[in-house]
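Below is one structure, written out as C-alpha cells, with a few remarks after it.
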Amino acid sequence: MSGVVVIVGATSGVGRALARVYAAEGRALVLAGRDRDSLDRIAADCRVRFAVPARSERFDALDFADHAAFVERASKGFGNGVDGMILCQGEMPDEADARRDPHVLRRSIDVNYAATVSVLERAADQWAGRTGGFLCAITSVAGDRGRPRNHLYGSTKAAVSTYLGGLRVRMARQGIAVVDVRPGIIDTSLTWGLPDLPLRASPDRIARDVMRGISRDRAVVYTPWFWRYVMMIIRWIPDRIFKRLDL
Amino acid sequence: MRLSGWGRHPAQDCLVYRPEREAELAEIVARAPTPTLVSRGMGRSYGDAALNEREGVILHQRFDRFLDFDEPTGVLSCESAVTLSEIIDVVLPRGFFLPITPGTKFISVGGAIAADVHGKNHHRDGTISSQLIDFRLLTGTGHILTCSRQQNPDLFWATLGGMGLTGAILDARLRVRPVATSYVKQSTLGCPDLDTALERILTDDRDYEYAVGWIDCLSRGRALGRSVLLRANPAARDDLPSALREAPHAPHRALPLRVPFELPAIASHSVNMRLLNQVLWLGHRNGERIAHVQSYFYPLDTVQNWNRAFGRRGVLQYQCVLPLANCREGMIELLERISSSRCASSLAVLKSTGPANQSPLSFPIEGASLAVDFPNRGPEVFALLADLDRIVVARGGRVYLAKDSCLSTEHFREMYVGLARFREIKSKYDPDGRFASSLARRLGIVEAA
Numbered sequence: 000m001s002g003v004v005v006i007v008g009a010t011s012g013v014g015r016a017l018a019r020v021y022a023a024e025g026r027a028l029v030l031a032g033r034d035r036d037s038l039d040r041i042a043a044d045c046r047v048r049f050a051v052p053a054r055s056e057r058f059d060a061l062d063f064a065d066h067a068a069f070v071e072r073a074s075k076g077f078g079n080g081v082d083g084m085i086l087c088q089g090e091m092p093d094e095a096d097a098r099r100d101p102h103v104l105r106r107s108i109d110v111n112y113a114a115t116v117s118v119l120e121r122a123a124d125q126w127a128g129r130t131g132g133f134l135c136a137i138t139s140v141a142g143d144r145g146r147p148r149n150h151l152y153g154s155t156k157a158a159v160s161t162y163l164g165g166l167r168v169r170m171a172r173q174g175i176a177v178v179d180v181r182p183g184i185i186d187t188s189l190t191w192g193l194p195d196l197p198l199r200a201s202p203d204r205i206a207r208d209v210m211r212g213i214s215r216d217r218a219v220v221y222t223p224w225f226w227r228y229v230m231m232i233i234r235w236i237p238d239r240i241f242k243r244l245d246l
Numbered sequence: 000m001r002l003s004g005w006g007r008h009p010a011q012d013c014l015v016y017r018p019e020r021e022a023e024l025a026e027i028v029a030r031a032p033t034p035t036l037v038s039r040g041m042g043r044s045y046g047d048a049a050l051n052e053r054e055g056v057i058l059h060q061r062f063d064r065f066l067d068f069d070e071p072t073g074v075l076s077c078e079s080a081v082t083l084s085e086i087i088d089v090v091l092p093r094g095f096f097l098p099i100t101p102g103t104k105f106i107s108v109g110g111a112i113a114a115d116v117h118g119k120n121h122h123r124d125g126t127i128s129s130q131l132i133d134f135r136l137l138t139g140t141g142h143i144l145t146c147s148r149q150q151n152p153d154l155f156w157a158t159l160g161g162m163g164l165t166g167a168i169l170d171a172r173l174r175v176r177p178v179a180t181s182y183v184k185q186s187t188l189g190c191p192d193l194d195t196a197l198e199r200i201l202t203d204d205r206d207y208e209y210a211v212g213w214i215d216c217l218s219r220g221r222a223l224g225r226s227v228l229l230r231a232n233p234a235a236r237d238d239l240p241s242a243l244r245e246a247p248h249a250p251h252r253a254l255p256l257r258v259p260f261e262l263p264a265i266a267s268h269s270v271n272m273r274l275l276n277q278v279l280w281l282g283h284r285n286g287e288r289i290a291h292v293q294s295y296f297y298p299l300d301t302v303q304n305w306n307r308a309f310g311r312r313g314v315l316q317y318q319c320v321l322p323l324a325n326c327r328e329g330m331i332e333l334l335e336r337i338s339s340s341r342c343a344s345s346l347a348v349l350k351s352t353g354p355a356n357q358s359p360l361s362f363p364i365e366g367a368s369l370a371v372d373f374p375n376r377g378p379e380v381f382a383l384l385a386d387l388d389r390i391v392v393a394r395g396g397r398v399y400l401a402k403d404s405c406l407s408t409e410h411f412r413e414m415y416v417g418l419a420r421f422r423e424i425k426s427k428y429d430p431d432g433r434f435a436s437s438l439a440r441r442l443g444i445v446e447a448a
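Protein chains in written order, with numbering that gives the first Met the number 0: chain A, 0 to 246; chain B, 0 to 448.
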C-alpha cells in the first residue's frame, strides 16, 4: 500500500485508532487537529511502532478561512501524494445546552456539518482531474432518525450524510470513493461516564471497520455491523408508535 | 465502578476517571471531588494497590503512546500506559530486549516503576530502576517534575516502589539493550530437595544471567522443596539451530489462548495441583535447550486471563524475600507451613535476589524469594498467609506489595524500615495527601480516612 492518509480530528478516540490501523498497513500519515502536543505524540507513536512517516498539521474546524490552505498544507511533504482523507472531528454537545444556548447549537453545526462540507469541497477542488483515492467522514447512527435524546446532534450528522450522498455521485466519475461511516455508541471520552450504554464498541473496532469499508468502496458503513439492522427497524417504526416510545 | 486487581480479591467500588490528555489529568488531580486519587495501569497488581475504595482511580490507558526510540543508544521514551509487551513488539525485531522484565509482559511502564519490578536476573542486574533513565511525575500539588538520579533524586527513588503514592507518572525514558538473538540457552536442573536447590541457587546462579526455579510446595518430608531450576544465558547466533539462524530476531508466534469464561476453579483443587506438580517434576529433563525469550520469560502469558482458572473468588499470590543469612531456615519453615495446610498452592517460584537499591519501599533484598499462588478459599487461606507473614517478619524478610492484599499494618512496619523516609518524601511533594490507595490505608502508609 502507498499514499498518504490525512486524518482530521486525529486526537479523537476514533482518530487515534485510525492512525494506528493505517500506520500498521504501512501508510504515511498526516494528523490534523488543534492540540499540537497530542498530535505530535500520536505521530511519534506511529513512527516508533510501525516505522511509517507521520506528522501533525494544524487544523481548526472553525477557522473556515484557513480550510483551503489546510488542504494545501496537508497534501505536501511525503512525496507519494495524498491517497485519502478521513474526517472525524466532531462535537457532541449536551442536548439540553444546545436547545437553550444558540452559541452551543451553532458551534456543533459548524464543527460537525459546515466544516466537514467546507474541507471536502476544498479537497474536491484540489482533486479535480485526478483519479482514485477516497474521502471519508464519520457521521452517526443518530442521523438515521431524530430522537428527543440527541436530535440536534443527530441532525448535523444527517446533513453530512445527505451531502456525502451527492458528493459520492460527483466523484464517481473520477473513481474517488466517498464513504459515509455511521458508528453506533463508541467507548470514547464523549460517552465515558454515561450510565448504562449498551453495545459500546471500542474505537479500535470502529477503525478496523472504517478501513475495511474504504478498501471495499462501500457507500455507507455501519459499525459495528448490527447497527444497520437496528436503525432499519427504528426507521420503520410508524410515527404514531414512535411518539410513544422512549428511545 | 467495581474494580479489583489481578487476583480478583478484593473487589471495591471506586470512582473511575479516564483522562484523554495530560491537561485533563492535571485537571482531575486539581479538582476531582474525591479527596484522594491513585493511578491504575493494566491492573496487574494482585491486590488493592490500584484500588481506592469509594475514592478516585485514574485509568492511564489513554496514555499509551511511544514518544521516541533511538536505535544507536537504545533509549526508548514512552507514556506511562505503554506495556512491556508493546515495547518488546517494537524493539525485539530491531535486535533489542528489555534488560529487566518480570514474569508477565502485560504490565504498564508506569506500574512497573511504581512496583519497582524485578526479573529473573535480579541477582545480577537489580530492579527496573537499573534500566530507567528518568520519568515525568504529576504531583498532588499539580507540579510536573522530571525525576532522575540527578534531578529530584529523592522523588525518583520514592516513586520507584512507591505504589503510585507520590503522584501520577506521565512518561518515562528507559534503556533497552541489544541482543544477538531472541533466544536464550536454557539449562534445566532438577533438585530433589530444598537443600540441593538452595545450594545450587546460591552457588551457581551468578553463572547465569537469568535464573528461576519451579518449586513444588506440596511435597513433604524428604522431598520438601524439590525444585526444577530453569537458568539461562542469552543465545548467540551460533548457538541457534540452523533453521533459526536465518531470522535470529524473529518474534514468537503463539496462539493467543484465553480462558473463555469463569471456570469452576480447576486450579483450586489440591488433587489437580498435586498432579500438575508431579507431572512437572517427572517431566523435566536436565540439560540445555534453546528457548524463545517469550516462552522463557512469560510462560503464563500464553494463556491470557489465566486468573479466571481460579474461579470467582480469585487467587491470592504470596511473594516474600528472605535475607541471605536466614534463607534456609526460613524457607523450610515456610514450606512446611504451606505443605501442611490444605490450601493447595499451584506453582511456586523460587529465585535468588541481589542487593537492595536505594528506594525506600522497594521489595527485593539480597537473599532468596518465594512466590506461591493460593486459591481464595476463605478464612483458612487468610490464616495461612498471616502465619507466613509472622515467619517472614521473624526471619527479617518482607512481602511484595504488588502482590499483597492481606498484610497487616504492624507486619508491614516491621518489614519495611524505609517507611519513615518514604513518608517524609511523600509529605514534601504531596503535603495534602492527594494520592492514596486502599493498599496505602490498609498498611498505614497514609492515615486511614
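A virtual CB, placed ideally from N, CA and C, is assigned to each residue, including glycine.
Residue i (DSSP reduced to helix, strand or coil)
i, result
"residue 75 (chain A)", "coil"
"residue 178 (chain B)", "coil"
"residue 58 (chain A)", "coil"
"residue 233 (chain A)", "helix"
"residue 162 (chain A)", "helix"
"residue 107 (chain B)", "strand"
"residue 213 (chain B)", "strand"
"residue 201 (chain A)", "coil"
"residue 121 (chain B)", "helix"
"residue 362 (chain B)", "coil"
"residue 98 (chain B)", "coil"
"residue 409 (chain B)", "helix"
"residue 0 (chain A)", "Any answer about residue 0 (chain A) is weak, because its pLDDT of 49 lies below 50 and its placement is not dependable; what the coordinates show is given next. Correct three-state label for residue 0 (chain A): coil."
"residue 91 (chain A)", "coil"
"residue 276 (chain B)", "helix"
"residue 41 (chain B)", "coil"
"residue 249 (chain A)", "With chain A running from 0 to 246 in the structure shown, residue 249 (chain A) is simply not present."
Test: residue i CB closer than 8 Å to a CB of chain B
i, result
"residue 53 (chain A)", "no"
"residue 44 (chain A)", "yes"
"residue 191 (chain A)", "yes"
"residue 0 (chain A)", "A caution first: residue 0 (chain A) carries a pLDDT of 49, below 50, which makes its placement in the model unreliable, though a value can still be read off. Chain B contact via Cβ: absent."
Within-8 Å CB hit, residue i to chain A
i, result
"residue 64 (chain B)", "yes"
"residue 19 (chain B)", "yes"
"residue 12 (chain B)", "no"
"residue 67 (chain B)", "yes"
Residues that residue i contacts on chain B, provided the C-beta gap is smaller than 8 Å
i, result
"residue 98 (chain A)", "Correct list: empty, because the minimum Cβ distance to chain B is about 26 Å."
Length of the line joining the Cα atoms of residue i and residue j
i, j, result
"residue 72 (chain B)", "residue 130 (chain B)", "13 Å"
"residue 32 (chain B)", "residue 436 (chain B)", "16 Å"
"residue 148 (chain B)", "residue 158 (chain B)", "12 Å"
"residue 224 (chain B)", "residue 15 (chain B)", "43 Å"
"residue 370 (chain B)", "residue 234 (chain B)", "27 Å"
"residue 450 (chain B)", "residue 301 (chain B)", "An answer regarding residue 450 (chain B) cannot be provided, because it is not within the stretch 0 to 448 covered by chain B."
"residue 365 (chain B)", "residue 396 (chain B)", "10 Å"
"residue 58 (chain A)", "residue 347 (chain B)", "55 Å"
"residue 92 (chain B)", "residue 146 (chain B)", "30 Å"
"residue 164 (chain B)", "residue 9 (chain A)", "33 Å"
"residue 342 (chain B)", "residue 321 (chain B)", "22 Å"
"residue 188 (chain B)", "residue 211 (chain B)", "11 Å"
"residue 126 (chain B)", "residue 317 (chain B)", "19 Å"
"residue 438 (chain B)", "residue 101 (chain B)", "21 Å"
"residue 424 (chain B)", "residue 48 (chain B)", "19 Å"
"residue 289 (chain B)", "residue 280 (chain B)", "20 Å"
"residue 244 (chain B)", "residue 88 (chain B)", "20 Å"
"residue 363 (chain B)", "residue 110 (chain A)", "54 Å"
Under 7 Å from the C-beta of residue i: neighbouring residues of chain B
i, result
"residue 188 (chain A)", "19"
Under 7 Å by beta carbon: chain A residues contacting residue i
i, result
"residue 89 (chain B)", "47, 48"
Near-chain A residues of the segment 147-175 of chain B (beta-carbon distance less than 7 Å), N- to C-terminal order
Those would be none; no residue qualifies.
Output needed in chain order: residues of the segment 46-80 of chain A with a Cβ under 7 Å from some Cβ in chain B.
Within the segment 46-80 of chain A, the residues whose Cβ lies closer than 7 Å to some Cβ of chain B are 47, 48, listed in chain order.
Select from the segment 30-42 of chain A all residues with a C-beta closer than 8 Å to any C-beta belonging to chain B, and list them in chain order.
Residues of the segment 30-42 of chain A with a Cβ closer than 8 Å to any Cβ of chain B, in chain order: 34, 36, 37, 40, 41.
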